[in-house]
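Sequential numbering of the sequence shown, starting at 326, is according to this note's numbering.
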Amino acid sequence: MLTGCAVELRDVPGRACDEAHPCRAPRACVDERCVDPRGDAGQDVDAGAPEPRWEQRLHGFGATSVDPSCSLTIDSTRANLVVASIAGPADADDTALARVVDSSRLPTTTEGRLRGHLTFPVAVNVRGEVPVLVLAGDDGAWLRAGFDGSGRLVVRSAANTIGDVELLERFSVDGGFVARDYVLELAWQAGAFRRVSLDGEVLAETAVSGGSSTPPSALALGVERYDADAGTAFTVQLSGWQLADALSTGPGDVP
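Okay, here's the thing in structure tokens:
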């Protein structure tokens with residue numbers, strides 16, 4: 326089991342920055358990117374660092390899906406922070422999603438990394454299963470991550486996406502998912518592997534074979550179709566999410 330812990334994320338070249346999210350020395354914030362000014366002949370050696378394809382803070386969302394029993398806010402004054410809530414018990418009517426619809430910000434390859442913050446104001450206590458992020462394509466969900474009634478992190482990949490067969494993994498943490506911030510990272514390469522990391526610790530790296538040759542085409546954050554009696558209210562905050570469509574390019578440090 327993973328013991329809950331806080332980690333200091335690396336300040337990598339090319340990550341997004343602003344006054345609220347400065348770079349660590351010696352890097353400086355240039356054109357909203359962390360670069361190192363110590364290159365030869367005064368060149369910024371990090372200036373050409375690859376950028377994530379989509380960043381929550383910079384690019385935001387283009388559409389929402391919200392059912393009557395739920396609420397969804399996207400706070401543009403707080404780097405497009407997403408707050409998705411289930412008000413109370415309701416069956417088959419629990420959707421509160423912020424959607425990325427700009428095709429230029431969605432993957433162009435069948436590999437990549439998706440990383441960001443999940444913050445809970447109270448300990449996770451749900452019935453059934455509640456997905457909180459989905460990366461999907463025509464063949465189904467490449468990544469569907471959420472939480473189940475046993476307090477576990479659940480990560481699913483449908484058949485014929487990352488691999489030929491469905492990949493389902495469940496992860497427990499000591500003491501359960503309590504009221505605090507977590508950094509979740511999902512990395513994948515179709516026909517090769519899927520890796521799940523939490524707070525900088527790798528929970529699993531699983532080999533796969535086959536998979537799709539068509540990149541995923543939809544990304545959504547929030548509460549996705551929670552088809553069970555919630556019992557009590559459920560809220561999740563999602564911030565600092567970044568999507569890279571090549572394993573070698575990022576994403577950068579999560580603000």
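A virtual CB, placed ideally from N, CA and C, is assigned to each residue, including glycine.
Everything numeric in this text was worked out from a predicted model, so none of it was measured.
Expected contact under 8 Å - CB spacing of residue i and residue j to nearest Å
| i | j | result |
| --- | --- | --- |
| Leu468 | Leu546 | 12 Å between Cβ atoms; not a contact. |
| His384 | Ser564 | Actually they do not touch by this definition, with Cβ atoms about 14 Å apart. |
| Glu436 | Leu544 | 15 Å between Cβ atoms; not a contact. |
| Phe386 | Arg424 | 6 Å |
| Thr541 | Ala461 | The displayed chain sequence assigns Pro, not Thr, to residue 541. Yes, they are in contact, since the Cβ atoms of Pro541 and Ala461 sit about 6 Å apart, within 8 Å. |
| Ala412 | Ser396 | 7 Å |
| Leu478 | Leu523 | 7 Å |
| Arg378 | Leu568 | 5 Å |
| Phe496 | Val521 | 7 Å |
| Glu494 | Ala529 | 6 Å |
| Arg476 | Gly453 | One detail in the question is off: residue 476 reads as Gly in this sequence, not Arg. Gly476 to Gly453, Cβ: 13 Å. No contact. |
| Arg403 | Leu509 | Going by Cβ atoms, the distance from Arg403 to Leu509 rounds to 19 Å, so no, they are not a contact pair. |
Reference residue i, options the options, closest by Cα
| i | options | result |
| --- | --- | --- |
| Thr539 | Leu511, Ala529, Val490, Thr433 | Thr433 |
| Val451 | Gly471, Ser394, Ala515, Leu509 | Gly471 |
| Gly516 | Asp427, Gly536, Pro377, Cys354 | Gly536 |
| Ala409 | Ser401, Val391, Ala483, Thr402 | Val391 |
| Val447 | Pro541, Tyr507, Val521 | Tyr507 |
| Thr557 | Glu549, Pro377, Ser394, Val360 | Ser394 |
| Ile399 | Leu568, Val561, Leu528 | Val561 |
| Thr531 | Gly488, Val548, Gln567 | Gly488 |
| Thr486 | Val498, Asp499, Gly476, Asp463 | Asp463 |
| Trp513 | Val455, Ala353, Val480, Pro347 | Val480 |
| Asp570 | Glu454, Leu431, Val457, Arg519 | Leu431 |
| Val498 | Cys354, Val527, Val455, Glu376 | Val527 |
| Arg519 | Glu380, Leu509, Val533 | Val533 |
| Val426 | Thr402, Arg352, Ala388, Arg505 | Ala388 |
| Ala504 | Pro456, Ala466, Val449 | Val449 |
| Thr444 | Val407, Glu380, Pro347 | Val407 |
| Glu549 | Trp566, Leu458, Gly501, Ser482 | Leu458 |
| Tyr551 | Gly465, Glu344, Phe502, Val455 | Val455 |
| Trp566 | Glu380, Asp343, Val355 | Glu380 |
is_contact[residue i, chain C] using C-beta, thresh 9 Å
| i | result |
| --- | --- |
| Gly525 | Judged by its chain identifiers, the structure shown contains no chain C, having just a single protein chain. |
Residue i - containing beta strand (DSSP E), residue span
| i | result |
| --- | --- |
| Arg452 | Premise fails: Arg452 is in no beta strand (DSSP E) and is neither H nor E. |
| Arg469 | 465–473 |
| Ala532 | 526–532 |
| Ala353 | 353–355 |
| Val498 | Unbroken run through Val498: none, as it is neither H nor E. |
| Thr389 | 388–391 |
| Glu436 | 436–444 |
| Leu572 | Taken as a continuous stretch (DSSP letters only), Leu572 belongs to no beta strand (DSSP E), as it is neither H nor E. |
| Val521 | 518–523 |
| Asp506 | 506–514 |
| Ala423 | 421–425 |
Run of the alpha helix (DSSP H) containing residue i, from where it starts to where it stops
| i | result |
| --- | --- |
| Leu383 | 381–384 |
Paired residues, beta bridge with residue i - DSSP
| i | result |
| --- | --- |
| Trp566 | Its beta-bridge partners do not exist; DSSP assigns none. |
| Tyr551 | For Tyr551, which the question treats as bridged, DSSP gives no partner whatsoever. |
| Ser600 | Outside the shown range of the chain (326 to 580) lies residue 600, about which nothing can therefore be said. |
| Gly536 | Gly536 is not bridged to any residue. |
| Ser482 | Leu492 |
| Gly462 | Gly465 |
| Leu431 | In DSSP, Leu431 forms no bridge with anything. |
| Thr557 | DSSP lists no partner for Thr557. |
| Ala543 | Ala461 |
| Pro456 | Gly471 |
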